[in-house]
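Right, one structure below, let's go through it.
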Amino acid sequence: MLEPDDLVLCAGTVLGSGFRERAEAASAAGFAGITLWAQDWQRALDEGLTAADMRALLDDNGLTIGELDAVTDWLPKAPVQGADAAADADTAAFAVPADVFWGMAEALGARSLNVVEIAGAAVETERAAEAFAELCDRAAGYGLLVHLEFLPWSGIPDIRAAAEIVGLADRPNGGILLDTWHLHRSGGTAADLGPDLARRVNGIQISDAPALPAVPEVPADGAPGTGGTATDGTRAMDLMDETMHRRLLPGQGDADVAGVLAALRAAGVDAPVGVEVFSDDLARLGTAAAAQAAAAAARAVLAR
Numbered sequence: 480m481l482e483p484d485d486l487v488l489c490a491g492t493v494l495g496s497g498f499r500e501r502a503e504a505a506s507a508a509g510f511a512g513i514t515l516w517a518q519d520w521q522r523a524l525d526e527g528l529t530a531a532d533m534r535a536l537l538d539d540n541g542l543t544i545g546e547l548d549a550v551t552d553w554l555p556k557a558p559v560q561g562a563d564a565a566a567d568a569d570t571a572a573f574a575v576p577a578d579v580f581w582g583m584a585e586a587l588g589a590r591s592l593n594v595v596e597i598a599g600a601a602v603e604t605e606r607a608a609e610a611f612a613e614l615c616d617r618a619a620g621y622g623l624l625v626h627l628e629f630l631p632w633s634g635i636p637d638i639r640a641a642a643e644i645v646g647l648a649d650r651p652n653g654g655i656l657l658d659t660w661h662l663h664r665s666g667g668t669a670a671d672l673g674p675d676l677a678r679r680v681n682g683i684q685i686s687d688a689p690a691l692p693a694v695p696e697v698p699a700d701g702a703p704g705t706g707g708t709a710t711d712g713t714r715a716m717d718l719m720d721e722t723m724h725r726r727l728l729p730g731q732g733d734a735d736v737a738g739v740l741a742a743l744r745a746a747g748v749d750a751p752v753g754v755e756v757f758s759d760d761l762a763r764l765g766t767a768a769a770a771q772a773a774a775a776a777a778r779a780v781l782a783r
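Residue 480 is where the sequence shown starts when you use my numbering, and the numbers rise one by one after that.
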């Protein structure tokens with residue numbers, strides 16, 4: 480069972496890693512769990528690992544599955560569709576039917592199942608609550624918590640929108656996944672996390688971000704620019720691109736990760752801490768080094 484101060488190595492922090500490599504890197508860096516995407520599961524099977532092999536790897540490395548990530552087809556008539564080719568490439572990896580996750584949960588066990596609306600489709604709160612409740616009821620049969628993750632560009636763009644859906648669904652295993660990057664980019668702060676809102680959180684992911692997104696500057700002559708930050712009058716970097724490629728390690732930006740964690744703990748949230756840092760720079764380090772860097776950064780924030 481994962482405890483509040485346990486760290487969970489999220490798949491996005493170690494992109495491209497296989498099941499064995501991720502498990503061994505997570506264990507070596509002191510993580511207590513890992514997250515698993517459906518494509519990770521399929522890749523492991525394709526590489527010849529059985530469910531028993533995967534369970535043995537988890538046991539041998541002292542790990543559990545912290546989260547199965549992520550159901551995207553839970554809303555009626557809400558297909559994944561990116562705004563452009565780049566967004567399509569990033570979101571396509573997450574277009575997985577919910578039934579796949581039930582098989583993963585039965586085979587490996589897990590703490591929770593993540594649910595997102597990633598396409599930016601219009602969301603009707605009452606219908607979303609009904610759909611979320613149905614997922615929670617199905618997940619309960621596998622002993623899973625379910626958390627709804629809000630994404631700034633999506634039809635569930637902030638924590639209050641997520642809380643309204645979760646509250647209407649009113650399921651004991653249902654809650655919100657609070658990702659500090661998404662909270663920051665949706666305009667939220669630790670000050671927003673009063674007890675009534677924070678108590679709905681049952682999943683935590685941390686990473687960091689600058690106060691404003693970095694953007695390439697394009698001079699009038701069309702020559703390459705020197706880079707800058709998003710301000711009035713400049714084109715902000717696409718949020719999907721930033722979240723999938725340019726996150727910062729916790730403590731290296733302006734998202735007040737320590738303050739958010741303190742507010743959640745003060746409200747009694749006892750979820751473990753997932754470290755999810757989608758970063759091209761981090762990916763270049765390799766799986767083992769990326770896991771070590773993520774663990775060190777997370778521990779430094781937790782110690783504040």
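Note that beta-carbon positions come from the ideal geometry of N, C-alpha and C, so glycine has one too. Everything numeric in this text was worked out from a predicted model, so none of it was measured.
For the set Gln684, Ala619, Ala607, the Cα lying nearest the Cα of Glu585 is the one of Ala619. Residue environment: Pro576 is assigned as exposed (fewer than 16 neighbouring CB atoms within 10 Å of its CB, all protein chains considered).
The continuous stretches of beta strand (DSSP E) do not include Leu691, and DSSP gives it neither H nor E. Here the C-alpha atom of Gly667 lies approximately 42 Å from the C-alpha atom of Ala531. Contact check for Ile683 against Val754 fails: the beta carbons are separated by 7 Å or more. Burial state of Glu628 is buried, judged by a 10 Å Cβ sphere holding 16 or more other Cβ atoms. Assigned with DSSP and collapsed to three states, Thr766 falls in helix.
With fewer than three CB-CB distances shorter than 8 Å, the region 635–650 does not count as touching the region 718–731. Taking a C-beta distance under 7 Å as the contact criterion, Val595 and Thr551 qualify as a contact pair.
Listed in chain order, the beta strand (DSSP E) elements of length 3 or more contained wholly in the region 506–544 are 512–516.
The region 766–776 makes contact with the region 500–508: 3 or more CB pairs, one atom from each, lie closer than 8 Å. Between the C-alpha atoms of Leu547 and Leu691 there is a straight-line separation of about 30 Å.
Counting along the chain, Leu592 sits inside no alpha helix (DSSP H); it lies in the beta strand (DSSP E) bounded by residues 591–595. Distance check between Phe510 and each of Val493, Asp525, Arg522, Leu524 places Val493 closest, using alpha-carbon atoms only. Within the model, the alpha-carbon separation for Glu603 versus Asp539 is close to 45 Å. Collapsing the DSSP output to three states places Leu647 in a helix.
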